[in-house]
Amino acid sequence: KAGVTQTPRYLIKTRGQQVTLSCSPISGHRSVSWYQQTPGQGLQFLFEYFSETQRNKGNFPGRFSGRQFSNSRSEMNVSTLELGDSALYLCASSLVWDASIGELFFGEGSRLTVL
Amino acid sequence: AQSVTQLDSHVSVSEGTPVLLRCNYSSSYSPSLFWYVQHPNKGLQLLLKYTSAATLVKGINGFEAEFKKSETSFHLTKPSAHMSDAAEYFCVVSDNAGNMLTFGGGTRLMVKP
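Respectively, the protein sequence lines represent chains A and B.
Sequential numbering from 1 applies to the first sequence in our numbering.
Sequential numbering from 116 applies to the second sequence in our numbering.
Right, here's the structure in full:
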């Protein structure tokens with residue numbers, strides 16, 4: 001079956017712009033979570049959605065936002081981009097909402113470069 | 116608050132020799148612990164997880180890890196390294212309900228022929 005699909009895979013933006021990233025989970029999965037990966041800070045949790053509700057949010061400024069649609073697809077948005085937002089953004093989906101019970105399947109990520 | 120420390124940022128082994136990747140964790144609760152692997156330009160793949168059942172956990176590709184509560188450790192081992200094991204490995208903890216994971220800094224494993 002198809003894995004987690006993230007689009008776009010690569011994108012370049014300039015400071016001050018905004019960006020929207022998309023994640024299509026594995027069919028039937030209702031949980032989608034987002035992570036930011038940078039060389040300096042490593043992998044950090046952004047937010048998590050289950051059945052269109054945000055369940056957890058990481059320690060990121062309000063410029064980072066997300067949502068989940070009724071078909072479980074999710075988008076994250078970053079407004080007023082800063083150079084430090086350059087990162088690989090990873091999406092993960094799961095059948096259940098608890099990592100101790102289920103398994104998170106990760107997409108290959110969207111690599112954002114901010115100039 | 117939960118945290119994870121991977122004690123080595125880089126580990127180099129020869130093909131056919133044992134692998135040991137070290138991980139210590141801090142958690143206020145009974146944690147779930149995971150090891151993930153990331154190959155270049157790929158997403159993360161779950162190797163194994165511990166969720167308060169058997170303390171010795173077997174994963175995919177011959178990897179295993181032992182949960183030691185007294186040492187707050189969850190080291191990853193493999194008896195014999197293969198060239199295809201070269202990748203970055205992440206030790207991960209989750210101590211609250213949900214899919215919010217806290218990642219260690221990663222260990223890059225290099226395998227020499």
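For glycine and all other residues, C-beta sits at the position ideal for the given N, C-alpha and C.
Since the structure is predicted, the reported quantities are computational estimates derived from the model, not experimental observations.
Residues near residue i in its chain [Cβ-Cβ closer than 7 Å; skip 5 each side]
i	result
B:A201	L224, M225, V226
A:Q44	Y35, Q36, G58
A:F60	L46
A:G40	none
B:V119	C138, Y140, C206, V207, V208, T217, F218, G219
B:H190	L135, L136, R137, C138, A180, E181
Limits of the beta strand (DSSP E) - the one that residue i falls within
i	result
A:W34	31-38
B:F205	202-209
A:F47	42-50
A:L21	19-24
B:V128	125-129
B:E179	179-183
B:H190	188-193
B:Y140	138-141
B:L122	Premise fails: B:L122 is in no beta strand (DSSP E) and is neither H nor E.
A:N56	53-57
A:Q6	5-7
A:S94	87-94
Same chain only: Cβ atoms within 6 Å of residue i, ignoring 5 sequence neighbours per side
i	result
A:F106	L90, A92
A:K57	F47
B:S117	Contrary to the premise, residue 117 of chain B reads as Gln rather than Ser in this sequence. Taken in chain order, the residues that qualify are S142, V208, D210, T217.
B:S188	N139
A:S33	E48, A92
B:G177	K193
A:L88	Q37, G109, R111
A:K13	V19, L81, V114
B:Q121	C138, C206, G219, G220, T222
A:S24	T5, R73
B:M215	none
Own chain, CB closer than 8 Å to residue i, minus 5 neighbours either side, in chain order
i	result
B:L159	Y151, V152, Q153, F205
B:S145	S167, D210
B:V126	V134, L135, L136, T222, R223, L224, M225
B:V128	V134, A196, L224, M225, V226, K227
A:S100	none
B:P155	A202
B:E186	N139
Beta-carbon gap between residue i and residue j smaller than 8 Å
i	j	result
A:Q6	A:E103	no
B:G174	A:W97	no
B:A180	B:T166	no
A:M76	A:L21	yes
A:V78	A:Q18	yes
A:T38	A:R63	no
B:F182	B:L161	no
B:V172	B:K164	yes
A:A2	A:S27	yes
A:S94	A:H29	yes
A:L83	A:R15	yes
Residues bridged to residue i (per DSSP)
i	result
A:S65	A:N77
A:I12	A:T113
B:V134	B:K193
B:Y165	B:L148
B:M225	B:S127
B:K173	B:E179
Distance cut-off 7 Å: residue i Cβ against heavy atoms of the ligand GTP
i	result
A:A2	Ligands displayed in this structure: none; no statement on the ligand GTP is therefore possible.
Stretch-stretch touch, CB-based, cutoff 8 Å, three pairs: the region 131-138 of chain B with the region 188-196 of chain B: yes
Given 8 Å, three or more beta-carbon pairs between the region 69-77 of chain A and the region 32-52 of chain A: yes
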